[in-house]
Amino acid sequence: MATINLKNLWITAASSALILILYLTLTKPWPLQSNPQSDVVCNPQARLPARIQTGQESNDTSFYDDNTTTYTTDEPVIDWDQKRTLWFKLHPTFSSPENRLLIVTGSQPSPCPSPLGDDLRGE
Numbered sequence: 001m002a003t004i005n006l007k008n009l010w011i012t013a014a015s016s017a018l019i020l021i022l023y024l025t026l027t028k029p030w031p032l033q034s035n036p037q038s039d040v041v042c043n044p045q046a047r048l049p050a051r052i053q054t055g056q057e058s059n060d061t062s063f064y065d066d067n068t069t070t071y072t073t074d075e076p077v078i079d080w081d082q083k084r085t086l087w088f089k090l091h092p093t094f095s096s097p098e099n100r101l102l103i104v105t106g107s108q109p110s111p112c113p114s115p116l117g118d119d120l121r122g123e
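Here UniProt numbering is used: position 51 in the sequence shown is 51, and no number is missing along the way.
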């Protein structure tokens, strides 16, 4: 049985590892630093669904265009379904006016009294 010289085995393993590291470093099989801003061409239209990109919007006005309309809870919403149906008729490039879920969120007008509360005014 032949004996293996441990010194030669160690030198061979270390040399192989060094060659492998140099090969992977010098050939750059993957980008070491990626810059998402320069890698992708930013096209704002690409973010919109195709049905919105048609540019065939109506110039007619609806209650959404009224600058005096507020979205506070002090006044009840009246005739929502009729107003929504009219808006979809004026803007046919959006989804059909089938039933949808409307989620309304909000926050209190004043800071939370607790020091651990949700006051995010940045002070």
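Every residue, glycine too, gets a C-beta built ideally from N, C-alpha and C.
It should be emphasised that the depicted structure is a prediction, and the values quoted were computed from it without experimental measurement.
How many Å lie between residue i and residue j at the Cα?
{"i": "residue 15", "j": "residue 27", "result": "18 Å"}
{"i": "residue 62", "j": "residue 105", "result": "23 Å"}
{"i": "residue 88", "j": "residue 25", "result": "58 Å"}
{"i": "residue 94", "j": "residue 101", "result": "16 Å"}
{"i": "residue 83", "j": "residue 99", "result": "14 Å"}
So with Cβ pairs under 8 Å, would you call residue i a contact of chain B?
{"i": "residue 25", "result": "Chain labels in this structure do not include chain B; a single protein chain is all it has."}
Less than 8 Å between the CB atoms is what I'm expecting for residue i and residue j, so what's the real figure, rounded?
{"i": "residue 66", "j": "residue 90", "result": "The Cβ separation is near 14 Å, so there is no contact."}
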